[in-house]
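In the order they appear, the protein sequences are chains A and B.
With this note's numbering, letter number 374 in the first sequence gets 374, and the count goes up by one each step, no holes.
In this note's numbering, each residue carries its 1-based index in the second sequence increased by 1000.
Heads up, the beta-carbon is just placed ideally off N, CA and C, and yes, glycines get one too.
Presented below is the structure to which this report refers.
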Amino acid sequence: MFEKALSGDRRYWGWIIVLLAVIATGGRFYLRQLEYGLGITGLSRDVAWGFYIAQFTFLVGVAASAVMVLLPYYLHDFKAFARVTILGEFLAISAVTMCVMFILVDLGQPARAVNIMLYPSPRSILFWDLIVLNGYLLLNVVISRVSLAAERKGEAPPLWIKPVIVLSIPWAVSIHTVTAFIYSGLAARPFWLTAILAPRFLASAFSSGPSLLILLCLILRRLSNFDAGKEAVQKLAVIVTYAMLVNVFFVLMEFFTALYSDIPEHVEHFRYLYLGLEGHAELVPWMWASSALALLAVLLLVSRRLREQPAWLALACITVIVSIWIEKGLVMVVTGFVPSPLGKVTTYVPTVPELLISLAVYGCGALILTLLYKIALSVRGELRA
Amino acid sequence: MAAKLVAVNRRKFLKIAGAAALGLTGSPAVPLLAREPTWLPPVTAEPLTARRWAMVVDLRACLHEDGCRDCIAACHRAHNVPDFGNPKDEVKWIWKEHYGEAFADQAYDYVSAGFEHREVLVLCNHCDNPPCTRVCPTQATWKREDGVVMMDWHRCIGCRYCIAACPYGSRSFNWRDPRPAIAEITPQFPTRTRGVVEKCNFCEERLAVGLLPACVEACRNRGLAFGDLEDAGSEVRRILRTRYAIRRKPGLGTQPEVYYLV
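Structure representation (structure tokens):
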């Protein structure tokens, strides 16, 4: 089956070469990071986690969102999703792989990562997170491989795969819940210490992930003969709409509790985000942009007339993804460290090597996704000549 | 020989091994190889033991000597703590903070005699219920039975979860190779590598040979007391019986074992 990924037109190979170049560039900088240490990033004593861990957090959401196509299809027999389930599973595989890579590039001693397995620590949420992430990766690899192999032979998938698929549904919820627990269980960080963090993570995942899936469907329709079908795309759009509304609602809940209770150590983080603290306002324009985009996304999505036009839908999806990426992939992690437990406000700005290394990880994810989608579409014989 | 070694406990074994190593090299200050266990201090006295180690910091003793850095210098020299001279790469085990920052939840306007701008000595609190050891995914940091919160620099993977979990900002990360930033390496104690977390260890290496922590010993005003909190006759208990002490962020339930006399 994998040989399908080795034949393609010039455009296909051009894209692969671009991705390999991005990976090679970031890879070189990663070697420099290995030699110099994580001091090559913008991180510091007070801001100990930054861009890498934030990308990890964002991508766990993308991975978890595959459940939004699996659940309607397998539990509610929603046939229109038949053609997109494999896209969702492959997106999950690519996203989880990037998650694990982002954790690895963030480690000060990556060669010792195996210590997590050698000295299992059930009291550590990070330990559980690696278990659920790797389990989820394995589930999606098995499910997608078995279903695609069956499809290729023109047979129904074997019966034993059904319970595995059903298991993958709560498992998807678990990966983002456990990821939220990494943050929401720390007494030291009032910004993250909120019970609604896990539900918020899920809501933002179920809006940004399916948005990405819609965009991928729209792109594939232009690049190949693959057509997800209007019904599937529109159903995904409805899912994005509700998830985004719930997400915005949850964020407003956070505002209320923090601002009305007026506990200084809770309020200060929000002040840092929206107004700036002690002259540090680097994240302020980003945060306002994220909020404005969230509002715009909601307006575009709730209008059924706009949502049903592919161009407007694509715009809405891009708006959702950018808004949530800023929130989870840029702001949420860093703000937990600002101000520090000792009230210090430290600026964190990712460095060029840090960004290029991150880009390389995204490059790996895009490469995996490209190869897997190519295989899936070739198997279905839906590619243009 | 092997059977005999198994019979002795680990500490005794290290003592014997350390004494043997010292005997072999002749001089404890000159390591033969960088990886030799030359950091083992000379065995001079019986180890100091306790059921729960605790420290009392008398802020008034500190206040008499604003600007004094004796304890910090002694600690950082003894433990090969690097000094990069910039806040980004900073590593520190014990340092001074303004009262308003060390005790943010207890600061108020018009606090007596400019207290808010006075400096407070801060270090790892060696909490009885430490959040940092709970989150560590490799048990590279753990609480010893006598209450010392330890670090294994060979097991630490550098995920910095413990830094995120510490409510006191007591932990530092080696963002780069610390060795070039150490003015003079103390061979009795290991240097660290880049990519691992470190913090105050309550001088467990000194306790093991009967010495009090370096900071306690260095204080010219005898402003630091160290002892067994579970021993009713210890100095720390005597002080806590007679003077009112506070701890940092007591509301979080971490049970810090560093007490402050204000």
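- When we look at the beta-carbon of methionine 68/A and count the other beta-carbons within 10 Å, is it buried (16 or more) or exposed? buried
- Write down every uninterrupted run of the beta strand (DSSP E) in the region 212-292 of chain A whose length is 3 residues or greater and which is fully enclosed by it, in chain order. Listed in chain order, nothing qualifies, since the region 212-292 of chain A has no complete beta strand (DSSP E) run of 3 or more residues.
- Do leucine 70/A and isoleucine 169/A have their CB atoms nearer than 8 angstroms? Cβ atoms of leucine 70/A and isoleucine 169/A: closer than 8 angstroms.
- Item | Within chain B, partners of alanine 48/A - CB distance below 7 angstroms | Arg1160, Ile1163, Ala1164 and Phe1173
- Task: Could you tell me whether the region 240-249 of chain A touches the region 202-216 of chain A, using the rule of 3 or more Cβ pairs below 8 angstroms?
- Result: yes
- Could you tell me which residues DSSP pairs with threonine 1141/B in its beta bridges? Met1151/B
- Looking at the unbroken beta strand (DSSP E) that takes in tryptophan 1053/B, where does it start and where does it end? Per DSSP, tryptophan 1053/B belongs to the beta strand (DSSP E) from 1053-1058.
- Under 9 angstroms Cβ-Cβ, which residues of chain A neighbour tyrosine 1168/B? Ala188, Pro341 and Leu342
- Closer than 8 angstroms, CB to CB, is glycine 1195/B near chain A or not? yes
- CA-CA distance, leucine 405/A and alanine 113/A? Because chain A spans 1 through 385 in this model, residue 405/A falls outside it and cannot be assessed.
- Buried or exposed by the 16-neighbour rule on C-beta atoms within 10 Å, applied to threonine 335/A: buried
- Item | Coil, strand or helix - tryptophan 1095/B by DSSP | strand
- Should arginine 1194/B go down as buried or exposed, given a rule of 16 or more other Cβ atoms within 10 Å for buried? buried
- Using DSSP bridges, identify the partner residues of serine 303/A. Answer is none; serine 303/A lacks a bridge partner.
- Task: Please compile the residues from chain A whose C-beta is within a distance smaller than 7 angstroms of the C-beta of glutamine 1139/B.
- Result: Tyr119 and Ser121
- Is any beta-carbon of chain A found at less than 8 angstroms from that of proline 1130/B? Not a single CB atom of chain A sits nearer than 8 angstroms to the CB of proline 1130/B.
- Message: Check whether chain A comes within 8 angstroms of glutamate 1090/B, counting only Cβ atoms and requiring the distance to be less than that.
- Response: It does; some Cβ of chain A falls within 8 angstroms.
- Query: Can you give the beta carbon distance from valine 1234/B to lysine 1199/B, rounded, assuming they're within the 8 angstroms contact cut?
  - Reply: The sequence shown places serine at residue 1234/B, not valine. Actually they do not touch by this definition, with Cβ atoms about 24 angstroms apart.
- For threonine 1038/B, does the three-state DSSP call read helix, strand or coil? Bear in mind that a pLDDT of 46 at threonine 1038/B, under 50, signals an unreliable position, so the number given afterwards is only what the model happens to contain. Residue state, collapsed to three classes: coil.
- Beta bridge counterpart(s) of glycine 1227/B as assigned by DSSP: Ala1054/B
- Rounded to the nearest angstrom, how far is the Cβ of valine 96/A from that of serine 208/A, given a contact under 8 angstroms? Wrong, their Cβ atoms sit about 15 angstroms apart, outside the cutoff.
- Task: Taking 8 angstroms as the threshold, find out whether the region 180-194 of chain A comes into contact with the region 154-163 of chain A through three or more Cβ pairs.
- Result: no
- CA-CA distance, tyrosine 1110/B and serine 65/A? Their backbone Cα atoms lie some 54 angstroms apart in a straight line.
- Three-state class that DSSP yields for serine 378/A in the structure shown: Helix at serine 378/A.
- Confirm, please, whether the CB-CB distance from arginine 83/A to glycine 279/A is below 8 angstroms. no
- What separation, rounded to the nearest whole angstrom, lies between the Cα atoms of threonine 241/A and leucine 301/A? 5 angstroms
- Message: Given the structure, does glutamate 1119/B come close to the ligand COA, in the sense that its CB is under 7 angstroms from one of the ligand's heavy atoms?
- Response: You won't find the ligand COA in this model; it holds no ligand whatsoever.
- Spatial distance of leucine 330/A from threonine 1141/B (CA atoms): The C-alpha of leucine 330/A lies about 29 angstroms from the C-alpha of threonine 1141/B.
- Host alpha helix (DSSP H) of valine 320/A (start-end): 310-326
- Task: Report all residues from its chain with a CB closer than 6 angstroms to the CB of leucine 372/A; omit the five preceding and five following residues, and keep chain order.
- Result: Phe90
- Message: Check whether chain A comes within 8 angstroms of leucine 1252/B, counting only Cβ atoms and requiring the distance to be less than that.
- Response: yes
- Task: Could you list which residues in chain B have their beta carbon closer than 9 angstroms to that of serine 184/A, in chain order?
- Result: Those do not exist, as serine 184/A stays about 12 angstroms from chain B at its closest Cβ, beyond 9 angstroms.
- Query: Between which two residues does the alpha helix (DSSP H) containing valine 1236/B stretch?
  - Reply: 1235-1242
- Message: I want to see whether chain B comes within less than 8 angstroms of glutamine 55/A, judged by CB atoms only; does it?
- Response: Interface criterion not met: the Cβ of glutamine 55/A is under 8 angstroms from no Cβ in chain B.
- Kindly indicate if chain A contains any beta-carbon less than 8 angstroms away from that of glutamate 1205/B. no
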